[in-house]
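Novice: First the structure, then my questions, so here it is.
Residue numbers (my numbering): 1 to 97.
Written out as structure tokens, the structure reads:
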């Protein structure tokens, strides 16, 4: 388990080092993978990033950034720190009919 966490941390550091500045501005919480979420959202590590993905897979896509607080460990303070970075992209299949 510790080896997995170390590998995840190493990949995160590599991702941060290789991410161009223009790409670091926003993150689509409906389509980003755990590494991207952890890299681009302040106060969100791999555990919370995986919880975001789990929430969107079980509850459904986020319709508004405020819905991010439904994820355990993400409260109003974390949401506010990241509000300008969060994008909620919906595809046609995500929109309820």
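Glycine included, each C-beta is placed from N, C-alpha and C at the ideal position.
Note that the coordinates shown come from a computational prediction; the quantities given were computed from them, not determined experimentally.
I think residue 4 touches residue 34, with their Cβ atoms under 8 Å apart; what is that distance to the nearest whole Å?
Specialist: So it is not a contact: roughly 12 Å between Cβ atoms.
Novice: Grab the span of the alpha helix (DSSP H) containing residue 54 for me, first residue to last.
Specialist: Residues 46-58.
Novice: Quick check: the Cα distance between residue 81 and residue 37, rounded to an integer number of angstroms?
Specialist: Roughly 14 Å between the two C-alpha positions.
Novice: What does DSSP give as the partner residues of residue 87 in its beta bridges?
Specialist: Beta-bridge pairing links residue 87 to 28.
Novice: Rounded to whole angstroms, what's the CA-CA distance from residue 8 to residue 86? Just pull it up for me.
Specialist: Cα-Cα distance, rounded: 22 Å.
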